């Protein structure tokens, strides 16, 4: 939001805008509330976020220590270790909670990167048009047809194994849909008369794009972000599972990879395999539900069940 | 020096080298075993395979690919994690492929399964001339190719000559013939090899001898993969009848094999990319044997141990699992390269690092008991050469002592508790690890914490392909591991100055760029020592020197953990036979000796009835679902009307 | 799946994205000449895309750390001269641009080079694995498309009902599950067997080997069940959701009300009128899906040891076996491009409003 905090008379245009925005947020929330699935997703997300944020207090970073591991290797669930232990004897419950930090962080960052690229290209292409738009949309189309997973694997292979690489590989491969959506929205916004007026009043490109177009595409961008986070979390798990993640940090995908490498699948050590997978599925689902709810509030035609 | 990890995935950073190693490693065997050995001492009782149907192993032609394993035929299915790189013996370097070549083609010599000494193969005896430059082999007259022709000395001569003259044919085994000056076959049973200079590995030429009359038609050896026409003509215990990339390799027993026919009628190597899938397949009986790559995980071994009809073979390993330290990479011409941390040149630092490594925990937690705590360079399985540090010399696990050593060496802690190097920056080592090896990653975590407590930072650098940074000397520490042969010559040779690359641009035989004059002198001495006991003594001195240098210290000797179904395989020869491994032996003993169990049918793969039940069940469910939905639809449609 | 768009996202993409593109630029006049022009444009675009893929695959994979020569020599002691010989043999001594033009020239004649690790033409390796991948993906594709359309139609028709919620919820849930994880679970439950459940299906691979004729077909079908089940489970949701929303869009239309007012039976209205029209936008998605499934099957192939392109790609990356990696990347991308183009070409023919 661009509203600044300088005190202005109650009737100032800024205040007006702020009021209008607050009202629209309230309206949005009223409509969002009617989507049961969306609420469920939101609740799940809040829980996960809380668990991730409070992890240093609840489980502490020492859960990932192998030398101080409290249990024996691959213990099955018990009163002491609710989800059993991994091959080092670390508590799996603690690891899943701790792993949520990395998984959520990577998902979030990758989605932000993806949407940022998408929004930037979408808005500029929509605003400037002409050959610039043609070139940009050509590139977008081209990325759109690239096999995302293959490209992400390739990128992750090319670069060193780190969280940054994962974020980049996901971000760079998932932006095109956003770019297309944002461009379409930008074109729609720019065809409105008030943009004409803003331009006539001497508003430059930057002014139009940041002050008028951006606020209007923002809801769409937010919906996209929510949806892409779900994709990104799955992608992070996939890359980690293929052994392309950073092996030194604890993440859900990494846990699955560890479980597989330890031979948990054929040994019947389901407790090593099931919790991280469920965690991934729940968070991915929650983000998808939220995203769909947001989308349907913005565009009721989609007919998402309430 | 053959092991799972030497090929393809695994610890090896040098996949292709193992065959050479096997050859060099057998040197001493030659020396000690003498030139004549009791023929076929290991041969089983005359094989009486009930199934005389295919008595002529030569009738292969019509019995082509997936012969429908006629009723009652005994099939031994082996799960492998590697895919075949090439079926051409001139190109193949992977363990699976070379093992298969062992089964398809007879080599001049073989190794006794009991203790690994050299025994006759295609050659029944051999002798060298007084000037040590001419070797004469007597080729057996009872070995036939599977198309009926006699295998002769000319086949062997042609094989070697081809490798000497055709660059493409020298791809995999060229090193064996590099020192040959001339090869001839004066008679069908006499093979004469002239050498440029004496070579002691002449009874360890691990080169598959191929039939000349088939192979002389091949055009470009560098492109020919030997996978177009089946069955492939050979004279080993098995004949390859079918191959599908990334799926399976099928071999049929060669009933006219001179040493006696294998007990199983068919041997199938099935490819499982995923080790869990392979273990599951073993549980279900889809396969009869699983080797793991390079070994079953502790969890898998534990879960299989209690199972009915499954035997877990947890044999003392021939590998060592070590921590290598970059001693400052350099070439023979004196040029230094790479970027190893200078602080590691201080012996006290290396000792301190190793003293902070709790080997007991590594064995107990990472290998979960499927390994032996590391001591000297050669694993205890090779008792002759096994060496243990003396009490005063041992770098016992002692973090406090390690910290003292570092203080002494001048690497003191700064305000943050980090140890500071001479350049004033905190010490932080890069630890090169194989991304495909779970043990590397696991031990890496421990090292990070143990050394972290010492105040030393560690960046675990896990790569798919560690060869590049390694050969370029761009590492500080690394996980290293070799499989040791009964004769340790090779694993000792890779730490001599002579093994360094000639220039930084070349690739040397060196493992870790170690170059130490004392060690080199000892190495030369053991090479010239023909008395086994005296030689062992020198080798132990070398191990002691290596231990003290601290560039290469062994953390553990991992076991070979593999499993098979006892309701399929009644007995199978391990190598060494007392307690040894089954997959990846120096020879064809395991598969050739395996005796099928009587119970049940031993066909690999899901039984047809299982297939049919599965499909029928699937179809029933689908039809039922569709019918149910259709009915519901009809019902609701009626309701609405 | 994974890195691909979520269902709702693709709905968006299918709107202003590819479908919109097709609709927007498709000839509106009835003349077939304009359609031909359109076809030429689409094909030209596809060719440009393919060329771009060729360029990317060449340069992207040059960045992979690792010296192919060092791999080929397997770390054996080799002299600098020998290394030079190898470099020359594989054309690695030439300047990059020269290598590139060579590569492009050969690629145009169908020669994708020689694999470093298999010492066989890349094209051979690909044609060896392609049928296996196609068998898996096409089977799964047919099933999940049929299932998705069927359930999507039903869901939309009973919008908001219990069945709709159940199906949508299930589809979304399955869509959020990592496919490799589902595959592993299926192996544990249906292949290894849990408790009283016997292991019904093979754990991996495509065939047991040694069978012929009908037995062979049965054997392959048996091996196909679990991987196909995994793919169908994670993929059908998308088709379901798109079909559903397309049909919901359509159901507001006046002509349906008219049809119903005429007294047509409800399911007839649905089958004859609403569904065919609503399926039009789905067509694009279906084709795009097929292309994507080919590329996205890597995971399932890895989990089930399926001898297809995905496994080959993974093997090739770790070397790096540059010619093979490039070739496979090209094939994956080409599959998507081909299917997209096909969708674009078919769309105007199917939709009378857009078509001729």
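Protein chains in written order, with UniProt numbering: chain A, 1 to 306; chain B, 1 to 641; chain C, 1 to 356. By construction, the Cβ of each residue, glycine as well, lies at the ideal position given by its N, Cα and C atoms. None of the values given here were measured: they were computed from a predicted structure.
query = Using a Cβ cut-off of 7 Å, which residues of the segment 98-124 of chain C contact any Cβ in chain F, in chain order?
reply = Annotation note: the requested chain F is absent from the structure, which comprises protein chains A, B and C.
request  = Could you tell me whether the Cβ atoms of residue 179 of chain B and residue 195 of chain B are closer together than 8 Å?
outcome  = Contact: yes.
query = Can the beta-carbon of residue 317 of chain B be found closer than 8 Å to that of residue 328 of chain B?
reply = No; because the gap between Cβ atoms is not below 8 Å, this pair is not in contact.
key: DSSP bridge partner residues for residue 137 of chain B (one or two, in chain order)   = DSSP, once it has assigned bridges, lists B/126 and B/191 as partnering residue 137 of chain B.
ask   = Is it the case that the Cβ atoms of residue 50 of chain C and residue 246 of chain C are separated by a distance below 8 Å?
value = Result no, Cβ atoms of residue 50 of chain C and residue 246 of chain C do not sit closer than 8 Å.
message = I'd like the span of the alpha helix (DSSP H) that includes residue 164 of chain C, first residue to last.
response = Note, residue 164 of chain C: alpha helix (DSSP H), 162-176.
ask   = What three-state label does DSSP hand residue 290 of chain A in the structure shown?
value = Helix at residue 290 of chain A.
query = Out of C/348, C/284, C/322 and C/300, which has the shortest C-alpha to C-alpha gap to residue 336 of chain C?
reply = Selected option, being the one with the closest Cα: C/284.
inquiry  = When you compare the segment 338-357 of chain B with the segment 473-486 of chain B, are there three or more beta-carbon pairs, one atom per stretch, that lie closer than 8 Å?
reply    = Inter-segment contact for the segment 338-357 of chain B and the segment 473-486 of chain B is present: three or more beta-carbon pairs are separated by less than 8 Å.
request  = For the beta strand (DSSP E) containing residue 270 of chain B, list its first residue and its last residue.
outcome  = First-last of the beta strand (DSSP E) with residue 270 of chain B: 266-271.
query = If you measure from the beta carbon of residue 269 of chain A to each beta carbon in chain B, is any gap under 8 Å?
reply = Residue 269 of chain A has a beta carbon lying within less than 8 Å of a beta carbon in chain B.
message = At the level of alpha carbons, what is the spacing between residue 520 of chain B and residue 534 of chain B?
response = A straight-line Cα-Cα distance of about 17 Å links residue 520 of chain B and residue 534 of chain B.
inquiry  = Strictly by DSSP, which residues pair up with residue 244 of chain B?
reply    = Its beta-bridge partners are B/248.
task = Check residue 191 of chain A in the structure and name its three-state DSSP category.
result = Residue 191 of chain A falls in the coil class under three-state DSSP.
ask   = Considering only residues of the same chain and omitting the five flanking positions on each side of residue 39 of chain A, which have a CB-CB separation below 7 Å?
value = Excluding residues within five positions, the ones whose Cβ falls inside 7 Å are 33.
query = Which residue's Cα is closest to the Cα of residue 229 of chain A: A/148, A/105, A/179 and A/159?
reply = Per the Cα distances, A/105.
task = Scan the segment 357-371 of chain B for residues whose Cβ lies nearer than 7 Å to a Cβ of chain A and list them as they occur along the chain.
result = Identification of residues in the segment 357-371 of chain B having a C-beta nearer than 7 Å to some C-beta of chain A yields 365 and 368, given in sequence order.
query = Per DSSP, what kind of secondary structure is residue 561 of chain B in: helix, strand or coil?
reply = In the structure shown, residue 561 of chain B sits in a strand (DSSP, three-state: E or B).
key: Complete runs of the beta strand (DSSP E) confined to the segment 535-586 of chain B [at least 3 residues]   = Runs found: 552-558, 560-565 and 569-571.
Proximity below 8 Å, CB of residue 199 of chain C to CB of residue 284 of chain B = Cβ atoms of residue 199 of chain C and residue 284 of chain B: closer than 8 Å.
query = Going along the chain, which residues of its own chain have a beta-carbon closer than 6 Å to the beta-carbon of residue 116 of chain B, five neighbours each way excluded?
reply = Correct list, in chain order: 486.
ask   = The beta strand (DSSP E) with residue 483 of chain B in it runs from where to where?
value = If you look at residue 483 of chain B, you'll find it in the beta strand (DSSP E) that goes 477-483.
key: Cβ contact (3+ pairs, closer than 8 Å) linking the segment 315-332 of chain C and the segment 105-118 of chain C   = Counting Cβ pairs under 8 Å, three or more are found: they touch.
request  = Would you please verify whether the beta carbon of residue 157 of chain C is less than 8 Å from any beta carbon of chain A?
outcome  = The beta-carbon of residue 157 of chain C is placed no less than 8 Å from the nearest beta-carbon of chain A.
request  = Work out the CA separation of residue 436 of chain B and residue 366 of chain B for me, nearest whole Å.
outcome  = Rounded to whole angstroms, residue 366 of chain B to residue 436 of chain B spans 15 Å at the Cα level.
message = Please give the ranges of any beta strand (DSSP E) in the segment 219-288 of chain A, keeping only runs that are unbroken, at least 3 residues long and fully inside the region.
response = Entirely contained in the segment 219-288 of chain A, not one beta strand (DSSP E) run reaches 3 residues.
task = Report the rounded CA-to-CA distance for residue 190 of chain C versus residue 243 of chain A, giving the unit in angstroms.
result = Rounded to the nearest angstrom, the two C-alpha atoms are 26 Å apart.
ask   = At a Cβ cut of 8 Å, what residues of the segment 106-132 of chain B count as close to chain A, listed as they run along the chain?
value = The residues in question: there are none.
key: At least three beta-carbon pairs within less than 8 Å, the segment 116-131 of chain B to the segment 79-92 of chain B   = The segment 116-131 of chain B makes no contact with the segment 79-92 of chain B, as fewer than three CB pairs between them are under 8 Å.
ask   = Going by alpha carbons, who is nearest to residue 268 of chain B out of B/428, B/412 and B/242?
value = Nearest neighbour of residue 268 of chain B by Cα position, chosen from B/428, B/412 and B/242, turns out to be B/242.
request  = For my contact list, residue 237 of chain C and residue 174 of chain C are in at a C-beta cut-off of 8 Å; report their separation, rounded to the angstrom.
outcome  = Residue 237 of chain C to residue 174 of chain C, Cβ: 5 Å. Contact.
request  = Could you check what DSSP says for residue 203 of chain B in three-state terms: helix, strand or coil?
outcome  = Residue 203 of chain B: coil per DSSP, three-state reduction.
ask   = So which residues on chain B does residue 325 of chain C lean against when the C-beta distance must stay under 8 Å?
value = Going along chain B, no residue has its Cβ under 8 Å from residue 325 of chain C, so there is no contact; the nearest lies around 12 Å.
inquiry  = Quick check on DSSP: helix, strand or coil for residue 383 of chain B?
reply    = Residue 383 of chain B: coil per DSSP, three-state reduction.
inquiry  = By DSSP's criteria, residue 314 of chain B is part of a beta bridge. Which residues make up the other side?
reply    = Beta-bridge analysis with DSSP links residue 314 of chain B to B/561.
ask   = According to the neighbour-count rule (16 or more other Cβ atoms, all chains shown, within 10 Å of its Cβ), is residue 58 of chain A buried or exposed?
value = Within a 10 Å sphere around the beta-carbon of residue 58 of chain A sit fewer than 16 other beta-carbons, which makes this residue exposed.
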